[in-house]
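Asker: Line by line, the protein sequences give chains A and B.
Residues 131 to 391 (the working numbering) make up the first sequence, in order.
Residues 1065 to 1310 (the working numbering) make up the second sequence, in order.
Dumping the structure here so I can ask a few things about it.
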Amino acid sequence: MLLTKRQRTSAVRIGFYLVSAMAVAAVVIVPDWGDLQRAFFQWDIVTEQFPDIITTAAKNTVLFTIYGFGGGLALGLMLALMRISSFRPYRVFAGTVVDVIRGLPALLLILLIGFALPIATDVRISRTARASIALAIVASAYIAETIRSGIQAIPPGQMEAARSLGMSYSRAMVTVILPQAFRIIIPPMTNELVLLLKDTALVSVIGFTAAERELTRFGRDGVISSANATPLVVAGLVYLALTIPLTRLSAHLERRAGRHR
Amino acid sequence: MSAHIVEIHDLRKSFGDLRVLRGIDLYVDQGEVVCIIGASGSGKSTLLRCVNGLEQATGGRVLIEGTDLSDPDCDIDAVRARIGMVFQLFNLFPHMTVLRNVTVAQRKVLKRSRAEADRKAMATLARVGLADRPDEYPERLSGGQRQRVAIARALAMDPDLMLFDEATSALDPELVGEVLAVMRDLAADGMTMLVVTHEIGFARHVADRVVFLDDGVIREEGSPDQVIGNPREERTKQFISQVLQH
């Protein structure tokens, strides 16, 4: 070769810069920016979205997230404790439940509980409650696995020390193991929360009244009524305003947890 | 009722095909200090863990103050509350302060009031020489200090028996002395102790009785002067001379 290693490296770097610069130039020059803005971010349609997109849609998205996460946490904790139980039928049961839920598309489960359940049976619960239950069930399987990994990350000596002091298994779990496990899993749990927040978009398939709509459904309806893409873009921005701070929080907590170990 | 605090009859313990304990008979009386010595893998720790039910015996019986641990009706939590255990790796609760480490079982198991548990904790911490740092977290303490907190945690339960599972083996050499000193004080105060140790010097000077465990059986048992100073069995001689060379 004629070039030294260092010269090769800088040649590759210059080439990469050139290609990137051309790509950026193409993006700026080729499209008609006026057309794009009229289609995706028309200002009068943007302002039309407010305040309902916050007071109704974002509020419902957050509520679905809270109900789903709360329920998912309770169910997930139960499943996690069953999966590490010394009683084999519990382990088998919880393992099967987790496998089934994780092996199915979230959309199918939401349709099953939110849409098919009232059609096929006499069970009569409100649409939003069905949506929340479906989300809780979807979340519970993933949360259960996170909690289980957290519990199993605690050295077995902790349980032995607690038991040797006369604590029962459940007392040791509550007082010694779970507080340490939850500290470890705060970052992955924050990720679960973000995933669930985005999955709330799926529940709109079961059909909502105007007041029940969450962000995605709200944006979709806006697209239909305005014949413009702007409402979905605005809904997307509202999602980002919710998820990015949570992701940042998770990264921050992860750094802090790393420092304290 | 039995006069012995610990009574072990023909104790056997296997892990799968591995027969770790192959018929142990042993008793410990009130106020006695019994040291168990032996090579790694001889079953010392397993024997100790069978005494408070952390391991379940495969055969034979363990009686604690007359309560048979293999009896399905036996309340193992109540038995354990009367037995203090000190581990090789301390096993302090890292999310709790020193004080809370020493009070938590008093409060949750013995249902003592906060004031009473705090008073007891400060008294036991003083006994191990650590009354000045109750609000510290374990990670900020040295190994020797951590082990002394672990001893205080067990002592605060007013146990009838203390088990020590190689309590100094994970410590830097210069920190071994402070923990052994606490253990020596306990023995002098009349605590009943069953001690698994590699510290032959401690066994020799503090133990009332020394048990040499070899390959899952008690090969030799007697006074420290006899077992350590003048062993009868060939295996004991070998072990003692190997340990004393260091």
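Ideal Cβ placement from N, Cα and C applies to all residues, glycine included.
The structure displayed is predicted, hence computed values, not measured ones.
Between Glu178(A) and chain B, is the shortest Cβ-Cβ distance under 8 Å, so that the two count as touching?
Answerer: Judged by the 8 Å Cβ criterion, Glu178(A) is not in contact with chain B.
Asker: Going by DSSP, which residues form a beta bridge with Glu1071(B)?
Answerer: Tyr1091(B) and Leu1127(B).
Asker: What residues in its chain sit with their C-beta under 7 Å from that of Asn358(A), if we drop five residues either side in the sequence?
Answerer: For Asn358(A), where only same-chain residues beyond five positions count, the Cβ hits under 7 Å are Ala169, Gln172 and Ile175.
Asker: So, does the CB of Arg313(A) fall closer than 8 Å to a CB anywhere in chain B?
Answerer: At least one chain B Cβ lies under 8 Å of Arg313(A).
Asker: Between Met1247(B) and Glu1230(B), what straight-line distance do the alpha-carbon atoms span, to the nearest angstrom?
Answerer: Each residue's alpha carbon lies about 12 Å from the other.
Asker: Going by beta-carbon coordinates alone, are Met1101(B) and Val1213(B) separated by less than 8 Å?
Answerer: The identity of residue 1101(B) in the sequence shown is Ile, whereas the question assumes Met. Going by C-beta atoms, Ile1101(B) is not nearer than 8 Å to Val1213(B).
Asker: Closer than 9 Å by beta-carbon distance: list the chain B residues that pair up with Met319(A), in chain order.
Answerer: Those within 9 Å of Met319(A) in chain B number zero; the least Cβ separation is about 17 Å.
Asker: So which residues of chain B does Ser298(A) contact, with C-beta pairs closer than 7 Å?
Answerer: Going along chain B in sequence order, the residues near Ser298(A) (Cβ under 7 Å) are Asp1141.
Asker: Quick check: is the beta carbon of His1073(B) nearer than 8 Å to any beta carbon in chain A?
Answerer: No, because no Cβ of chain A sits closer than 8 Å to the Cβ of His1073(B).
Asker: Strictly under 8 Å for the Cβ-Cβ distance: is Leu295(A) near chain B by that measure?
Answerer: Yes, contact with chain B.
Asker: My output table needs one value for Arg1283(B): the three-state DSSP class, helix, strand or coil.
Answerer: Three-state result, Arg1283(B): strand.
Asker: Is any heavy atom in the ligand HEM found nearer than 7 Å to the beta carbon of Pro285(A)?
Answerer: Looking at this structure, you won't find the ligand HEM or any other ligand, since it has none at all.
Asker: Going by CA-CA distance only, name the one from Ala1216(B), Val1098(B), Ala1179(B) and Glu1203(B) that's closest to Leu1194(B).
Answerer: Cα-wise, what sits closest to Leu1194(B) is Ala1216(B).
Asker: Would you identify the three-state DSSP class for Val1275(B), choosing helix, strand or coil?
Answerer: Residue state, collapsed to three classes: strand.
Asker: Going by the beta-carbon positions, is the gap between Ile277(A) and Ile231(A) smaller than 8 Å?
Answerer: The answer is no: Cβ separation not under 8 Å.
Asker: As a quick exercise: from Leu1239(B), Gln1094(B) and Arg1176(B), pick the residue whose alpha carbon is nearest that of Ile1147(B).
Answerer: It is Gln1094(B).
Asker: State the Cα-Cα distance for the pair Leu1118(B) and Ala291(A), rounded to the nearest angstrom.
Answerer: Each residue's alpha carbon lies about 10 Å from the other.
Asker: So with Cβ pairs under 8 Å, would you call Glu384(A) a contact of chain B?
Answerer: So, not an interface residue.
Asker: Distance, Cα to Cα, Ser1134(B) vs Val1192(B)?
Answerer: Going from the Cα of Ser1134(B) to the Cα of Val1192(B) covers about 34 Å.
Asker: Thinking just about the alpha-carbon of each residue, which of Phe146(A), Ser270(A) and Gly225(A) is nearest to the one in Leu325(A)?
Answerer: Nearest option by C-alpha distance: Ser270(A).
Asker: From which residue to which residue does the alpha helix (DSSP H) around Phe348(A) run?
Answerer: That run of the alpha helix (DSSP H) goes Leu345 to Ser356.
Asker: Under the assumption that Thr226(A) contacts Glu342(A) (Cβ atoms under 8 Å), give the Cβ distance between them as a whole number of angstroms.
Answerer: Not confirmed; about 33 Å, so no contact.
Asker: Does the region 1220 to 1236 of chain B come close enough to the region 1245 to 1260 of chain B that 3 or more CB-CB pairs lie under 8 Å?
Answerer: Segments in contact, yes.
Asker: Use the C-beta contact count for Asn1116(B): other C-beta atoms within 10 angstroms, 16 or more gives buried, fewer gives exposed.
Answerer: Flag for Asn1116(B) reads buried.
Asker: Give the residues of chain A in contact with Met1257(B), contact being defined as C-beta atoms less than 9 Å apart.
Answerer: Under the 9 Å cutoff, chain A gives no residues; its nearest Cβ is about 15 Å from Met1257(B).
Asker: If you check the beta carbons only, do Arg301(A) and Lys1077(B) fall under 8 Å apart?
Answerer: Going by C-beta atoms, Arg301(A) is not nearer than 8 Å to Lys1077(B).
Asker: Taking C-beta to C-beta, are Ile1088(B) and Leu1112(B) nearer than 8 Å?
Answerer: Cβ distance not < 8 Å, so Ile1088(B) and Leu1112(B) don't count as in contact.
Asker: Suppose you measure from the CA of Pro203(A) to the CA of Asp1182(B); what does that come to, to the nearest Å?
Answerer: At residue 203(A) the sequence reads Leu, which differs from the Pro that was named. Going from the Cα of Leu203(A) to the Cα of Asp1182(B) covers about 34 Å.
Asker: Indicate whether Met1221(B) and Ala1145(B) have their beta-carbon atoms separated by less than 8 Å.
Answerer: Contact: yes.
Asker: Report the residues of the region 1256 to 1279 of chain B with a CB closer than 8 Å to any CB of chain A, ordered along the chain.
Answerer: Correct list: empty, as no residue qualifies.
Asker: Does the Cβ of Arg1283(B) have 16 or more other Cβ atoms within 10 Å, making it buried, or fewer, making it exposed?
Answerer: Flag for Arg1283(B) reads buried.
Asker: At 3 residues or longer, what runs of the beta strand (DSSP E) sit wholly inside the region 1177 to 1265 of chain B?
Answerer: Counting only runs of 3 or more, we get 1225 to 1229 and 1257 to 1260.
Asker: Cβ of Pro1198(B) within 8 Å of Cβ of Leu1163(B)?
Answerer: It is a contact, given that the beta carbons lie within the stated cut-off.
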